[in-house]
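For the record, the sequence lines run as chains S and W.
Using the numbering used here, you'd call the opening residue of the first sequence number 410 and step up by one each time.
Using the numbering used here, you'd call the opening residue of the second sequence number 410 and step up by one each time.
Cβ atoms here follow ideal geometry from the backbone N, Cα and C, with glycine treated the same way.
Here the structure is laid out as structure tokens; the discussion comes afterwards.
Protein chains: 2
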Amino acid sequence: MSHPPPSRDRMLEAAIRLLRTSGLSGAGINEIVRESGAPKGSVYHHFPDGKTQIAAEALALYASRVLSFLDTALAAGRTPTAKVRSLFAAMARRVESTAFAQSCAIGTVTLDLEPDMELLRGVLVSSLAEWQALVASHFDLGDARRTRSFAGLLLTAIEGAYIRCRAERSAAPFVEAGKWLTELVADGDSRRSPRRLSA
Amino acid sequence: MSHPPPSRDRMLEAAIRLLRTSGLSGAGINEIVRESGAPKGSVYHHFPDGKTQIAAEALALYASRVLSFLDTALAAGRTPTAKVRSLFAAMARRVESTAFAQSCAIGTVTLDLEPDMELLRGVLVSSLAEWQALVASHFDLGDARRTRSFAGLLLTAIEGAYIRCRAERSAAPFVEAGKWLTELVADGDSRRSPRRLSA
Numbered sequence: 410m411s412h413p414p415p416s417r418d419r420m421l422e423a424a425i426r427l428l429r430t431s432g433l434s435g436a437g438i439n440e441i442v443r444e445s446g447a448p449k450g451s452v453y454h455h456f457p458d459g460k461t462q463i464a465a466e467a468l469a470l471y472a473s474r475v476l477s478f479l480d481t482a483l484a485a486g487r488t489p490t491a492k493v494r495s496l497f498a499a500m501a502r503r504v505e506s507t508a509f510a511q512s513c514a515i516g517t518v519t520l521d522l523e524p525d526m527e528l529l530r531g532v533l534v535s536s537l538a539e540w541q542a543l544v545a546s547h548f549d550l551g552d553a554r555r556t557r558s559f560a561g562l563l564l565t566a567i568e569g570a571y572i573r574c575r576a577e578r579s580a581a582p583f584v585e586a587g588k589w590l591t592e593l594v595a596d597g598d599s600r601r602s603p604r605r606l607s608a
Numbered sequence: 410m411s412h413p414p415p416s417r418d419r420m421l422e423a424a425i426r427l428l429r430t431s432g433l434s435g436a437g438i439n440e441i442v443r444e445s446g447a448p449k450g451s452v453y454h455h456f457p458d459g460k461t462q463i464a465a466e467a468l469a470l471y472a473s474r475v476l477s478f479l480d481t482a483l484a485a486g487r488t489p490t491a492k493v494r495s496l497f498a499a500m501a502r503r504v505e506s507t508a509f510a511q512s513c514a515i516g517t518v519t520l521d522l523e524p525d526m527e528l529l530r531g532v533l534v535s536s537l538a539e540w541q542a543l544v545a546s547h548f549d550l551g552d553a554r555r556t557r558s559f560a561g562l563l564l565t566a567i568e569g570a571y572i573r574c575r576a577e578r579s580a581a582p583f584v585e586a587g588k589w590l591t592e593l594v595a596d597g598d599s600r601r602s603p604r605r606l607s608a
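Here's what the structure looks like:
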């Protein structure tokens, strides 16, 4: 016998969907209750601190999933350019799969951080830092600082492409960013090429 | 004798500030009235269609100002790399000047587009298209399609860097993006270098 997920889980999943759609403004208690189908009375039982607590837990759960997503997409490429191409192709499929209605919850919440939610900034900053470290671990551009900076650029491009994709209802900005950013690491491919190894 | 700006102008300026801060969710009629100091009774006199009309006019006015801003920043550089550097240095100063509290209104509204505001999407799309054409007009990367694509990448980087700058309360993501993206057009500089001209 399968059981439906407990209401706490359903509320977190609903919060993630709502945050990815329109940030904090769309993820109020009422919207989360409606979207999750969980009984309203259980909200403060599961989340005594209310909206801030749900948002913080939803963002942390979302960030850990994105970490896996990024890791899988990058691991699918063997060379630096193949990794960049794989990452942006995966992002293009990802935004398309939501019909351009959802993007990165860290991005939506950052542009929508209500003054009384300021403590969520810690989750935003640590999520971005974890993603940047993970992305950097897939590249070696000669020195650690440059590699970390390149990982930061990839995150910048992802957050920005999401905006253009949603406005234009097209995955093209991800494809475009992927093509350009491979050019920045093309010499990393040749460094590992047979020609170089046999030199 | 100087007169205070008419309330219509003050409402539009207030709407732009609020949209740049947190998108549509923060730019309700009440917030615009409070922020502008304009009499509430005058809102529907000046904007018979209410919030949608104010938002549409504010976004169009904002977009035309950004067009000038981009044009000035790009014109300050003579070579392709100088143009990219100048653009991202100007963006870094711009986000710093708002203490990381405001970003691009097109970005905030895109991630916050309420279903009943769908008609604003036209303003978002046309603003991005105008900016892309303006940015492209400052570069010549050999063929028009590639030049236009590079302009798109610059807009992607600007929108994404804004998110990271606001989350991290730092202008570093703009500086970082500027450094990397100059590498993509470095050969455009040498094409115009004295060495090449004397060849």
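**Study point:** Complete alpha helix (DSSP H) runs within the region 469-523 of chain S (minimum length 4 residues, chain order)
**Key:** 489-506, 514-519
Point to revise | Pair within 8 Å by beta-carbon distance, residue 561 (chain W) and residue 541 (chain W) | key: What you label residue 561 (chain W) is simply residue 152 of the second sequence in a count that begins at 1. What you label residue 541 (chain W) is simply residue 132 of the second sequence in a count that begins at 1. Cβ distance < 8 Å, so residue 561 (chain W) and residue 541 (chain W) count as in contact.
Point to revise | Environment of residue 590 (chain W) [buried if 16+ CB atoms lie within 10 Å] | key: Taking the second sequence and counting its residues from 1, the one referred to as residue 590 (chain W) is at position 181. Answer is buried; the Cβ neighbour count reaches 16.
Review point. Can you list, in chain order, the residues of its chain whose CB lies under 8 Å from that of residue 603 (chain W), leaving out five sequence neighbours each side?
Key: Position 194 of the second sequence, counted from the start, is the residue given in the question as residue 603 (chain W). Unreliable positioning characterises residue 603 (chain W) in this predicted model, as indicated by a pLDDT of 41, which lies under 50. The coordinate reading is nonetheless provided below. Cβ neighbours of residue 603 (chain W) beyond the five flanking positions: none.
**Study point:** residue 519 (chain W) and residue 572 (chain S) closer than 8 Å at C-beta
**Key:** Within the second sequence, residue 519 (chain W) is the residue found at index 110, counting from 1. Within the first sequence, residue 572 (chain S) is the residue found at index 163, counting from 1. Yes, these two residues count as a Cβ contact at 8 Å.
Practice item. Quick one: grab the DSSP three-state call for residue 548 (chain W). Key: Taking the first residue of the second sequence as 1, we reach residue 548 (chain W) at position 139. DSSP places residue 548 (chain W) in coil when its eight states are reduced to three.
Check your understanding: Can you tell which of S:594, S:536, S:585 has the C-alpha that lies nearest to the C-alpha of residue 549 (chain S)?
Key -> Locating residue 549 (chain S) in the first sequence gives position 140, counting from the first residue. Looking at the Cα atoms, S:594 is the closest of the given residues.
Practice item. Say whether chain S places a C-beta atom closer than 8 Å to the C-beta of residue 540 (chain W). Key: By one-based count along the second sequence, residue 540 (chain W) stands at place 131. False, the Cβ-Cβ gap to chain S never drops below 8 Å.
Check your understanding: What residues in the region 481-507 of chain W bring their beta carbon closer than 9 Å to a beta carbon of chain S?
Key -> Answer set for the region 481-507 of chain W: empty.
Practice item. Please look up how many angstroms separate the CB atoms of residue 576 (chain W) and residue 530 (chain S), rounded, as I've assumed it's under 8 Å. Key: In the second sequence, residue 576 (chain W) corresponds to position 167, counting from 1. In the first sequence, residue 530 (chain S) corresponds to position 121, counting from 1. Confirmed, about 7 Å.
Check your understanding: With a cut-off of 8 Å, does the C-beta of residue 549 (chain W) fall near any C-beta of chain S?
Key -> Position 140 of the second sequence, counted from the start, is the residue given in the question as residue 549 (chain W). No, residue 549 (chain W) does not count as interfacial toward chain S.
Practice item. State yes or no: is the beta carbon of residue 544 (chain W) nearer than 8 Å to at least one beta carbon in chain S? Key: On the second sequence, position 135 is the one that residue 544 (chain W) refers to. By this cut-off, residue 544 (chain W) is not an interface position.
**Study point:** Start and end residues, alpha helix (DSSP H) containing residue 584 (chain W)
**Key:** Translated into the one-based positions of the second sequence, residue 584 (chain W) becomes position 175. Element bounds for residue 584 (chain W): 581-592.
**Study point:** DSSP state of residue 578 (chain S) mapped onto helix, strand, coil
**Key:** The count along the first sequence starts at 1 and reaches residue 578 (chain S) at position 169. In this structure, residue 578 (chain S) counts as coil in the three-state DSSP scheme.
Practice item. Find the nearest neighbour of residue 450 (chain S) within the set S:435, S:416, S:462, S:427, judged by alpha-carbon distance. Key: To locate residue 450 (chain S), count along the first sequence from 1; it is residue 41. Nearest C-alpha to residue 450 (chain S): S:416.
Review point. Under three-state DSSP, which class holds residue 436 (chain W)?
Key: Taking the first residue of the second sequence as position 1, residue 436 (chain W) is located at position 27. Three-state DSSP puts residue 436 (chain W) in coil, outside helix and strand.
Review point. Does DSSP put residue 559 (chain W) in a helix, a strand or coil?
Key: Within the second sequence, residue 559 (chain W) is the residue found at index 150, counting from 1. Per DSSP, reduced to three states, the secondary structure at residue 559 (chain W) is helical.
Check your understanding: Can you give the Cα-Cα distance for residue 551 (chain S) and residue 489 (chain S), rounded to whole angstroms?
Key -> On the first sequence, residue 551 (chain S) is found 142 positions in, with the first residue counted as 1. On the first sequence, residue 489 (chain S) is found 80 positions in, with the first residue counted as 1. The alpha-carbon atoms of residue 551 (chain S) and residue 489 (chain S) are separated by roughly 12 Å.
**Study point:** Within 8 Å, strictly: CB atoms of residue 483 (chain W) and residue 547 (chain W)
**Key:** Here residue 483 (chain W) refers to the residue found at position 74 when the second sequence is read from its first residue. Here residue 547 (chain W) refers to the residue found at position 138 when the second sequence is read from its first residue. A contact, by the Cβ cut-off of 8 Å.
Check your understanding: On the premise that residue 521 (chain W) lies in contact with residue 432 (chain W), defined as a C-beta separation below 8 Å, what is that separation, rounded to the nearest angstrom?
Key -> Numbered from its first residue, the second sequence carries residue 432 (chain W) at position 23. Numbered from its first residue, the second sequence carries residue 521 (chain W) at position 112. The Cβ separation is near 3 Å, so the contact holds.
Practice item. Taking only the alpha-carbon atoms, compute the straight-line gap between residue 544 (chain W) and residue 440 (chain W) and give it to the nearest angstrom. Key: Taking the first residue of the second sequence as 1, we reach residue 544 (chain W) at position 135. Taking the first residue of the second sequence as 1, we reach residue 440 (chain W) at position 31. The straight-line gap from Cα to Cα measures roughly 34 Å.
Point to revise | Whole-number beta carbon distance between residue 497 (chain S) and residue 597 (chain S), since they are thought to touch under 8 Å | key: Reading the first sequence from its first residue, position 188 is the one you call residue 597 (chain S). Reading the first sequence from its first residue, position 88 is the one you call residue 497 (chain S). That pair is no contact at about 16 Å.
Exercise for review: Pick out whichever of W:499, W:473, W:472, W:429 has its Cα sitting closest to the Cα of residue 485 (chain W).
Suggested key: Indexing the second sequence from 1 puts residue 485 (chain W) at position 76. Residue 485 (chain W) has its Cα closest to that of W:499, out of W:499, W:473, W:472, W:429.
Practice item. Would you tell me roughly how many angstroms separate the C-alpha atoms of residue 514 (chain S) and residue 435 (chain W), rounded to the nearest one? Key: One-based indexing of the first sequence puts residue 514 (chain S) at position 105. One-based indexing of the second sequence puts residue 435 (chain W) at position 26. Answer to the nearest angstrom: the Cα atoms are 18 Å apart.
Review point. Is it right to say residue 605 (chain W) is buried, meaning 16 or more other beta carbons lie within 10 angstroms of its own, or is it exposed?
Key: The count along the second sequence starts at 1 and reaches residue 605 (chain W) at position 196. Summary for residue 605 (chain W): the model assigns pLDDT 36, below 50, so the residue's position carries little reliability; its value from the coordinates is reported in the next sentence. That one is exposed.
Check your understanding: Mapping DSSP to helix, strand and coil, what is residue 465 (chain W)?
Key -> Position 56 of the second sequence, counted from the first residue, corresponds to residue 465 (chain W). Three-state DSSP puts residue 465 (chain W) in a helix.
**Study point:** C-beta atoms of residue 491 (chain W) and residue 583 (chain W) nearer than 8 Å
**Key:** For the purposes of this step, residue 491 (chain W) is taken as residue 82 along the second sequence, with counting starting at 1. For the purposes of this step, residue 583 (chain W) is taken as residue 174 along the second sequence, with counting starting at 1. Going by C-beta atoms, residue 491 (chain W) is not nearer than 8 Å to residue 583 (chain W).
**Study point:** Residues of its chain near residue 459 (chain S), where Cβ-Cβ distance is below 8 Å and the 5 sequence neighbours each way are ignored
**Key:** Counting from 1 along the first sequence, the entry for residue 459 (chain S) is found at position 50. Non-local beta-carbon contacts of residue 459 (chain S) in its own chain, meaning distances under 8 Å to residues more than five positions away in sequence, involve 438, 452, 453 in chain order.
Review point. Residues of chain S with CB under 8 Å from residue 461 (chain W), in chain order?
Key: For the purposes of this step, residue 461 (chain W) is identified with residue 52 of the second sequence, where counting begins at 1. What residue 461 (chain W) touches in chain S: nothing, since even the nearest Cβ is about 16 Å away.
Practice item. May I ask you to list, following chain order, the residues of the region 560-583 of chain S that have a beta carbon less than 7 Å from some beta carbon of chain W? Key: For the region 560-583 of chain S, which is checked against every Cβ of chain W, the residues closer than 7 Å are 561, 562, 564, 565, 566, 567, 568, 569, 570, 572, 573, 575, 576, 577, 582.
Check your understanding: Helix or strand or just coil, what does DSSP make of residue 458 (chain W)?
Key -> To locate residue 458 (chain W), count along the second sequence from 1; it is residue 49. Three-state DSSP puts residue 458 (chain W) in coil, outside helix and strand.
Review point. Hey, would you say residue 537 (chain W) sits closer than 8 Å to residue 470 (chain W), going by beta carbons?
Key: Your numbering for residue 537 (chain W) matches position 128 in the second sequence. Your numbering for residue 470 (chain W) matches position 61 in the second sequence. No; because the gap between Cβ atoms is not below 8 Å, this pair is not in contact.
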